[in-house]
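Novice: In this note's numbering, each residue's number is its place in the sequence shown (first place is 1) plus 485.
Ideal placement from N, C-alpha and C gives every residue a C-beta, glycine not left out.
Remember, predicted model here, so these are calculated numbers, not experimental data.
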Amino acid sequence: METHDLKQSNRNKILWIAVLIVLNTLLYTMAMKGRTLPERLTTALAANLIGYNVIGLLLGTVVALFPYKNLGYAKKYLRASLLVILTLQIVMTVGLLLVLLMTFAGWY
486 METHDLKQSN RNKILWIAVL IVLNTLLYTM AMKGRTLPER LTTALAANLI
536 GYNVIGLLLG TVVALFPYKN LGYAKKYLRA SLLVILTLQI VMTVGLLLVL
586 LMTFAGWY
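(1) In terms of residues, what are the limits of the alpha helix (DSSP H) holding Gly541?
(2) Kindly indicate which residue of Ala516, Trp501 and Ile506 has the alpha-carbon position closest to the one of Phe589.
(3) Output yes or no for whether 8 Å exceeds the beta carbon distance between Lys498 and Leu568.
(4) Taking the Cβ atom as the reference point for each residue, do Leu563 and Leu512 lie within a distance shorter than 8 Å?
(5) So for Trp501, helix, strand or coil by DSSP?
(6) CB-CB under 6 Å to Tyr553, same chain, minus the five flanking residues each way: which ones, in chain order?
(7) Below 8 Å between beta carbons: does that hold for Ile506 and Leu571?
(8) Using the rule of at least 16 other Cβ atoms within 10 Å of the residue's Cβ for burial, across every protein chain shown, is Met438 buried or exposed?
Right, here's the structure in full:
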């Protein structure tokens, strides 16, 4: 993968991560019960802005050890970390959508 293509791919991942952070924050504040709106918002922002990113960066160190197109470790680390963060955000989005579906159906 050329350097320009890699940079563009990383930018796209960062854009999707940012969109999912906003979406997950909104979904979390709508889906969770038993807390005030400021508490839900604080929890959602802490998880989305800090928690998943730290986990993604930590898991990226392990994932970057796998060989990929003769890239150096630094380039693989950034790519792997972004992919892990994106995956975590997607899983969170699906989970929150299921919680909202169950809430609207009266199951939660």
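Specialist: The short version:
(1) First-last of the alpha helix (DSSP H) with Gly541: Tyr537 to Val548.
(2) Ala516
(3) yes
(4) no
(5) helix
(6) So the qualifying residues of the chain are Lys561.
(7) no
(8) There is no way to answer for residue 438, as the model of the chain reaches only from 486 to 593.
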